[in-house]
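Here my numbering is used: the first residue of the sequence shown is 1, the next is one more, and so on.
Idealized CB from N, CA, C, for every residue including glycine.
I have placed the structure first, in the form of structure tokens, so that the comments after it can refer back to it.
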Amino acid sequence: MFDLQVPKNTTYLLEGEATVENLSTELIKLLAPKLPSNVEAIGVYIYEGNNKGAHIISKLDK
């Protein structure tokens, strides 16, 4: 076990594993409420190397 000290204002704690799929989903959750009401969907691309990554598109229910 170890202790880690990081600044609160630049740190975001994820529940679960930090996979590209989980990161994409979390970004959509954070961005969606800030978008104008006329936006119907959002897409997030995260790459972790050559031909590796996640692309998630989510319809927004506003």
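Suppose contacts are defined by Cβ-Cβ distances below 8 Å. Is Leu60 in contact with Ala32 by that definition?
Against a cut-off of 8 Å, the Cβ pair of Ala32 and Leu60 comes out as a contact.
Across which residues does DSSP place Ser58 in a beta bridge pair?
Paired residues: Ile42.
Looking only at C-alpha atoms, which of Thr11, Tyr45, Thr10 sits nearest to Ser24?
Ranking the options by Cα distance to Ser24, first place goes to Tyr45.
So if DSSP puts Gly53 in a beta bridge, which residue, or which two residues, is it bridged to?
The bridge partners DSSP lists for Gly53 are Tyr47.
Considering only the alpha carbon of each residue, which of Ile57, Thr10, Ser58, Glu26 lies closest to Glu17?
Of the candidates Ile57, Thr10, Ser58, Glu26, the one whose C-alpha sits nearest the C-alpha of Glu17 is Glu26.
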